[in-house]
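Q:
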């Protein structure tokens, strides 16, 4: 990767106090199937170099997909020029935290390398979903299925001695299924199963089983679903619902760039302030971790896109705010070291503070123990509509598959129970957490231009006491 | 780039492909991001690429080629060919448009002054200062300049070129933690660019929004600022694609010819709108872009189509290709005849929402959704505005369209992070909108 070193040298020659260059190459295929019809093949082959510099305390970024010295040199020139001009509209210069850098290379192995399989063979996965869904006898008139695989290769070099080379394969299946029975309609949209690794992970996960479970649950909801209880009840949330809740109301508001206002115009700010480290935000049993290093996870990496070694980040430990997600710029502002949360979606994007795999850490309750003393409550298994304000405080999750809990037993399905609650009330209401952790994939949006990065969200089951539930 | 296009087309035909579309891009994009009244990063992208669509006996495939050497092009085509040979055909594929076509220049889509603009930072400073003058303490946002060349060649006789420019700014102004406002300005020619108005609006709303009280819940008459209503229409734009309807992502499924909105509502897609941020001379198969009425006086008239989907449904393309997925260019909600003052005085007790984000659907086919107001929100009582906070719009998209009671007479063209398909809309008064809030 001579071009990367060339870029860094050129930037320093042109007056940069810091420079980094990142080569990324993505190769893969994606396939869609709509109502049983193959919708065509999309082949991805993309590569390029992104260059980021600091000059006089201003930051500039430029990228090119023309991999010649001339083009890279031109990009460096632009990045330096932009950084210089930007430095004039700054109150204080940008500084990066001191870090230890390494020369490393790592990769995720594939047992079944997706490059060895034809599109037709990959389409078999979608056909299998079609067949299994049809075999249930449930009426599913709209079925939209996609498969995609991508091999991400990266090389990162900076002017402080970092050299990080990585190769991460990613495979994913998504579906949207519309069930119409008895003149009523329910939907499971954008459900995804996704991993870092080879085809064997999708095969082992059996996405068709998830699809079958979804359509059967929706059919049962149509025929047997009743209104959920309203007013104050107990609520048990599944790992899937706990996952979206920790992602939205813990991960996002703990991003240091957001806390300090850099994302204010787009993804918003945060109710969390730097002085809140050490403050209580949830009950004793709530611990939330963001860990990029989980093997085969959708959000997997070992070094971030600033060359900093990744590690698990304890965002909440026993109910106390313990750590923010940081990159070098915001670690420096907070007087800390970076915890390796800088990610860029592609060579043409700047690295910004991101989550990886965020989860509610397990507790000591079995599922039976969680529900045994609930007199009246709801078990929310999956969700559809969800959103949260841009300070990450007022949120809402609506159950897709959900059941009534009565006298310690799971009863009939309930329709669309709505949890609309503040972040502090949510995490303060948790009085028990289950033993087993599960993860669910998602695409986390942030940055401008938007950078949808792969993440896992999950955790254990959690029991919330005395929650005001709503009905539609 | 036509030489590259020609080479790809020639090689593709030699290999036996049927329909071939080659869409070349040459793009220069510049970005200045700012927050806390200072520039956080400035960026530049230069990109040359070709989007390629090929068909082989009803099997379809696409890719983007970024390395444009002859060797790589041939390798890519051969890879596509070998991958497609074993694939099942797409039985509902019906081809691409038959060219050539005549194209007209669309006014206000190209301006050399934007290309020659050396330094856009002064516009950023103008916007920041305008917001500060209105009383803001922190100002954040983004400015873009764009220059794009499009080169289209198809196997059905199309060879077309379009060159466009643009400049836009999005400004968010803050006073405290809970008081903010937002303004945008997106244009295609420099002389129409008005960063000051964006900054001033953001600052003014932030100032008006000071010391908000907890908002109420229930059903209210709501005045949506153009920025807020553009968000809903931008989400809706995807649902107007025939592809989205087939895939189960649209509340318009099976509603052709039916009333889906108030009689005041006429919604169009205008691909050839002068000064529109999504405007292009032609769609991805070379059909000249045009105006398509999607909803006319409340009645749903058509989905957006490409040639293949149009043939499937026995009708004509609406010039919205996307070869796999048709999509809108510029969504336009036709204005009404109410002045802004008249709209506000019409509301005895209601809510004015200046912006929303995070619109998410419980059920796309039913249209049930919620979205969160952000920036200034106001209780409107007999013409007086009182700032409130922490509420959510929880309703149904079709019901919102049916509940439109009055439309402002001035339209605003909106394009920003949350409104990816540009939308032109006036102020909109909707009756009986569902408002909820967290109670714990």
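Chains as they are written, first to last, in this note's numbering: chain A, 127 to 598; chain B, 283 to 722.
Note that CB positions come from ideal geometry on N, CA and C, so glycine has one too.
Could you tell me whether the Cβ of residue 656 of chain B comes closer than 8 Å to any Cβ of chain A?
A: Here residue 656 of chain B refers to the residue found at position 374 of the second chain. Cβ-Cβ to chain A under 8 Å: yes for residue 656 of chain B.
Q: Does the beta carbon of residue 472 of chain B come closer than 8 Å to any beta carbon on chain A?
A: For the purposes of this step, residue 472 of chain B is taken as residue 190 along the second chain, with counting starting at 1. So, not an interface residue.
Q: Give the range of the beta strand (DSSP E) segment to which residue 306 of chain A is assigned.
A: Taking the first residue of the first chain as position 1, residue 306 of chain A is located at position 180. Residue 306 of chain A -> beta strand (DSSP E) spans 289-307.
Q: Please confirm whether residue 512 of chain A has its beta-carbon closer than 8 Å to some beta-carbon of chain B.
A: Here residue 512 of chain A refers to the residue found at position 386 of the first chain. So yes, residue 512 of chain A belongs to the interface.
Q: Residue 450 of chain B to residue 305 of chain A, Cα distance in whole Å?
A: Position 168 of the second chain holds residue 450 of chain B. Position 179 of the first chain holds residue 305 of chain A. Those two C-alpha atoms are separated by around 43 Å.
Q: If you draw a straight line from the alpha carbon of residue 552 of chain A to that of residue 504 of chain A, how long is it in whole angstroms?
A: Translated into positions along the first chain, residue 552 of chain A becomes position 426. Translated into positions along the first chain, residue 504 of chain A becomes position 378. Taking the straight line from one Cα to the other gives about 15 Å.
Q: Return the first residue and the last residue of the beta strand (DSSP E) that residue 331 of chain B is part of.
A: For the purposes of this step, residue 331 of chain B is taken as the residue at position 49 of the second chain. Unbroken beta strand (DSSP E) run through residue 331 of chain B: 320-338.
Q: Which residue comes first and which comes last in the alpha helix (DSSP H) that contains residue 259 of chain A?
A: The residue given as residue 259 of chain A occupies position 133 in the first chain. Element bounds for residue 259 of chain A: 245-261.
Q: Strictly below 7 Å CB to CB, what residues from chain B border residue 268 of chain A?
A: Against the first chain, residue 268 of chain A aligns to sequence position 142. Going along chain B in sequence order, the residues near residue 268 of chain A (Cβ under 7 Å) are 529 and 530.
Q: Closer than 6 Å by C-beta to residue 191 of chain A: which residues in its own chain qualify, once you throw out the five before and the five after it? Chain order, please.
A: On the first chain, residue 191 of chain A is found 65 positions in, with the first residue counted as 1. Excluding positions up to five away in sequence, the list reads 174.
Q: Rounded to whole angstroms, what's the CA-CA distance from residue 506 of chain A to residue 377 of chain B? Just pull it up for me.
A: Residue 506 of chain A sits at position 380 when you count from the first residue of the first chain. Residue 377 of chain B sits at position 95 when you count from the first residue of the second chain. Distance between the alpha carbons of residue 506 of chain A and residue 377 of chain B: 46 Å.
Q: At 7 Å on the CB atoms, spell out the chain B contacts of residue 242 of chain A, in chain order.
A: As a position in the first chain, residue 242 of chain A is number 116, starting the count at 1. Ordered by position in chain B, no residue passes the 7 Å Cβ test against residue 242 of chain A, which lies about 13 Å from the chain.
Q: Could you tell me the alpha carbon to alpha carbon distance between residue 282 of chain A and residue 431 of chain A, rounded to whole angstroms?
A: Taking the first chain and counting its residues from 1, the one referred to as residue 282 of chain A is at position 156. Taking the first chain and counting its residues from 1, the one referred to as residue 431 of chain A is at position 305. Cα to Cα, residue 282 of chain A sits roughly 7 Å from residue 431 of chain A.
Q: Using the beta-carbon of each residue, which ones in chain B are nearer than 7 Å to residue 515 of chain A?
A: Position 389 of the first chain, counted from the first residue, corresponds to residue 515 of chain A. Result: 654 and 656.
Q: Relative to chain B, which residues along the segment 175-195 of chain A have a C-beta separation below 9 Å, given in chain order?
A: Hits within the stretch, in order: 178, 184, 185, 186, 187, 188, 189, 190, 191, 192 and 193.
Q: Consult DSSP for residue 385 of chain A and reduce its assignment to one of helix, strand or coil.
A: Indexing the first chain from 1 puts residue 385 of chain A at position 259. If DSSP states are grouped into helix, strand and coil, residue 385 of chain A belongs with the helices.
Q: Assuming residue 198 of chain A is part of the alpha helix (DSSP H), what are its boundary residues?
A: What you label residue 198 of chain A is simply residue 72 of the first chain in a count that begins at 1. It spans 195-213 - the alpha helix (DSSP H) in which residue 198 of chain A sits, taken as one unbroken run.
Q: Does the distance from the C-beta atom of residue 347 of chain A to that of residue 596 of chain A stay below 8 Å?
A: As a first step, residue 347 of chain A must be located in the first chain, where it is residue number 221. As a first step, residue 596 of chain A must be located in the first chain, where it is residue number 470. No.
Q: Tell me the rounded alpha-carbon separation between residue 341 of chain B and residue 166 of chain A.
A: Indexing the second chain from 1 puts residue 341 of chain B at position 59. Indexing the first chain from 1 puts residue 166 of chain A at position 40. Each residue's Cα considered, the two are about 7 Å apart.
Q: Determine contact between the segment 466-473 of chain B and the segment 654-661 of chain B, defined as no fewer than three beta-carbon pairs at a distance below 8 Å.
A: Touching, no, given that fewer than three Cβ pairs across the two stretches are closer than 8 Å.
Q: Contact defined as beta carbons within less than 8 Å: I believe residue 610 of chain B pairs with residue 586 of chain B. What is the distance between those atoms, to the nearest angstrom?
A: Here the question's residue 610 of chain B lines up with position 328 in the second chain. Here the question's residue 586 of chain B lines up with position 304 in the second chain. That pair is a contact at about 6 Å.
Q: Which residues in chain A sit within 7 Å of residue 309 of chain B, going by Cβ to Cβ distance?
A: For the purposes of this step, residue 309 of chain B is taken as the residue at position 27 of the second chain. Result: empty, since nearest Cβ-Cβ is about 11 Å, beyond 7 Å.
Q: Using a Cβ-Cβ cutoff of less than 6 Å, which residues in the same chain neighbour residue 480 of chain B once the five nearest sequence positions on both sides are dropped?
A: Residue mapping note: residue 480 of chain B aligns to position 198 of the second chain, counting from 1. Cβ neighbours of residue 480 of chain B beyond the five flanking positions: 409, 451, 453, 465, 466 and 467.
Q: DSSP three-state call for residue 554 of chain B: helix, strand or coil?
A: In the second chain, counting from the first residue as 1, residue 554 of chain B sits at position 272. It is coil, neither helix nor strand.
Q: Are residue 156 of chain A and residue 272 of chain A closer than 8 Å when you measure CB to CB?
A: Translated into positions along the first chain, residue 156 of chain A becomes position 30. Translated into positions along the first chain, residue 272 of chain A becomes position 146. Taking 8 Å as the Cβ cut-off, residue 156 of chain A and residue 272 of chain A qualify as a contacting pair.
Q: In the DSSP assignment, what residue or residues form a beta bridge with residue 652 of chain B?
A: Taking the first residue of the second chain as 1, we reach residue 652 of chain B at position 370. DSSP lists B:642 and B:676 as partners of residue 652 of chain B.
Q: Tell me residue 317 of chain B's beta-bridge partners as DSSP assigns them.
A: Position 35 of the second chain, counted from the start, is the residue given in the question as residue 317 of chain B. DSSP, once it has assigned bridges, lists B:320 as partnering residue 317 of chain B.
Q: For the beta strand (DSSP E) containing residue 726 of chain B, list its first residue and its last residue.
A: Here chain B covers residues 283 to 722 and nothing more, so residue 726 of chain B does not appear.
Q: Tell me whether the beta-carbon of residue 436 of chain A lies closer than 8 Å to the beta-carbon of residue 454 of chain A.
A: To locate residue 436 of chain A, count along the first chain from 1; it is residue 310. To locate residue 454 of chain A, count along the first chain from 1; it is residue 328. Their beta carbons are not under 8 Å apart, which means residue 436 of chain A does not touch residue 454 of chain A by this criterion.
Q: Residues of chain A with CB closer than 7 Å to the CB of residue 320 of chain B, please, in chain order.
A: Here residue 320 of chain B refers to the residue found at position 38 of the second chain. Under the 7 Å cutoff, chain A gives 215, 216 and 217.
Q: What residues in its chain sit with their C-beta under 8 Å from that of residue 512 of chain A, if we drop five residues either side in the sequence?
A: Position 386 of the first chain, counted from the start, is the residue given in the question as residue 512 of chain A. Excluding sequence neighbours, residue 512 of chain A sits near 370, 374, 521, 522, 523 and 524.
Q: Excluding sequence positions up to five away, which residues of its chain have a Cβ less than 6 Å from the Cβ of residue 287 of chain B?
A: For the purposes of this step, residue 287 of chain B is taken as the residue at position 5 of the second chain. Only 304, 306, 433 and 435 meet the Cβ criterion.
Q: I'd like to know whether the C-beta atoms of residue 634 of chain B and residue 508 of chain B end up nearer to each other than 8 Å.
A: Translated into the one-based positions of the second chain, residue 634 of chain B becomes position 352. Translated into the one-based positions of the second chain, residue 508 of chain B becomes position 226. Contact: no.
Q: Taking Cβ-Cβ distances shorter than 7 Å, what residues in chain A pair up with residue 620 of chain B?
A: Within the second chain, numbered from 1, the residue matching residue 620 of chain B stands at position 338. By Cβ distance, chain A contributes nothing, its closest Cβ being about 30 Å from residue 620 of chain B, past 7 Å.
Q: Under DSSP, the alpha helix (DSSP H) around residue 370 of chain A begins and ends at which residues?
A: Reading the first chain from its first residue, position 244 is the one you call residue 370 of chain A. First-last of the alpha helix (DSSP H) with residue 370 of chain A: 365-372.
Q: When we look at the beta-carbon of residue 627 of chain B and count the other beta-carbons within 10 Å, is it buried (16 or more) or exposed?
A: As a working mapping, residue 627 of chain B is identified with position 345 in the second chain. Counting Cβ neighbours within 10 Å, residue 627 of chain B comes out exposed, since fewer than 16 surround it.
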